[in-house]
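Before any comments, here is the structure.
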Amino acid sequence: MEIKKGITIEINSTSMKQIALMLLLIVSIHLEAQQIVDLYPTSIPNSKPFPMKEIVTAKNGHITWYRKVSNPTLTLFHPKKEIATGAAVIICPGGGYSGESYLHEGTQIAESFVRKGIAAFILKYRLPSDSIMIDKTIGPLQDAQQAIKTVRQHASEWNLDAEKIGIMGFSAGGHLASTAGTHFNKSYIPNVENISLKPNFMMLVYPVISMKDEITHLGSRQNLLGKNPSTEQVMLFSNELHVSPNTPPTWITHAGDDNVVTVENSIRFYQNLIGNKVPAEMHLYPKGNHGFVLSLPTDEWMQPLFDWMGKSGFVTW
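This is how it looks when you write it as structure tokens:
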């Protein structure tokens, strides 16, 4: 199987795991071996029979995008044992809830964490669609909760500290991460083991936070909630309204000139974190527009993040 520049591959979801494993084997030879695991060991909750096929895009030997995701998975990146800190981050790539930027907001980020001794887990979450879900509004959140549950369940096996498991999200993936970090008191997945679904920390990068008309990213809202969401839905998924003293410590970064997802999303979330006395740190750049981290080396914009993790006690270098 040859991966060529700019290729798009349409894959039946029943064989998605096997094909994805083959793709990763081919396109990631510069990384240590990764493992892909199905997010749900048996049936996927809130799903219904569907003909939809997942679409994988690869460019220059790397998987760059997933679209029409219906089979959620976790891709595991483990650091070398001699530098492992025990901390872990679940990464939610962005893409307006219509796709997932797997390379720039997934693989490259995971590589940077691993170099610092932090385990990383890229979440390929289901994208909201009435064709595959009974209730598309909760599908991505279910997958985020299941990812937290899975990593926490395997903490001992994967040499992790179960109390140092965070979640990170970019753009719409930031909405998903902040939803997981503010809606953890209700389990949207089967959880008879009563495992905590609360991330220990959040890291939000130019995140969509609110579903309110004045500041939301309309495409993300329409994809998640539909074109005419109810007031109740808008309020439920406007995560700035759900910050409490129990919200996890949070690190945020955004650009002031972002003309896709207004920086007001981050500012309001930060203000409510501070108002609830939740430890929070925010880095705002005057320029960079949306997706600025895609053009900056990860070691440059992520260094303040690593410093924050150290100061907050989530890692010991």
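When we follow the working numbering, the leftmost residue of the sequence shown carries the number 1, and every step to the right adds one.
Using N, Cα and C, we set each Cβ at its ideal position, and we do this for glycine too.
query: Cβ neighbour criterion (16 or more within 10 Å) applied to T182; result: buried
query: Rounded distance between the beta-carbons of F113 and L76, thought under 8 Å; result: About 12 Å separates the two Cβ atoms, so there is no contact after all.
query: Residues bridged to T253 (per DSSP); result: V205, H283
query: Environment of P326 [buried if 16+ CB atoms lie within 10 Å]; result: In the structure as shown, the chain starts at 1 and stops at 317, and residue 326 therefore has no counterpart that could be examined.
query: Sub-8 Å separation of N276 and S244 beta-carbons; result: yes
query: Reduced DSSP category for K311 - H, G, I as helix; E, B as strand; rest coil; result: helix
query: Cut-off 7 Å between Cβ atoms - residues of its own chain near P248, not counting five sequence neighbours on either side; result: G181, K198, P199, N200, F201, M202
query: Helix, strand or coil at E54 according to DSSP, with G and I counted as helix; result: strand
query: Spatial neighbours of A128 in its chain, beta-carbon cut-off 6 Å, leaving aside the 5 residues before and after; result: Note that residue 128 is Pro in the sequence shown, not Ala. Answer for P128: Y97, K136, G139, N223, L224, listed in chain order.
query: Straight-line Cα distance separating K186 from R67; result: 28 Å
query: Assigned exposure category for V27 - 16 Cβ within 10 Å defines buried; result: Low per-residue confidence applies at V27: pLDDT is 43, beneath 50, and the placement is therefore not dependable, though the value from the model is reported in the following sentence. Looking at its Cβ environment, which holds 16 or more other Cβ atoms inside 10 Å, V27 is buried.
query: Sequence-distant residues of the same chain with beta carbon closer than 6 Å to H78, five excluded per side; result: A119
query: For T73 and K124, believed in contact at Cβ under 8 Å, the rounded distance; result: 5 Å
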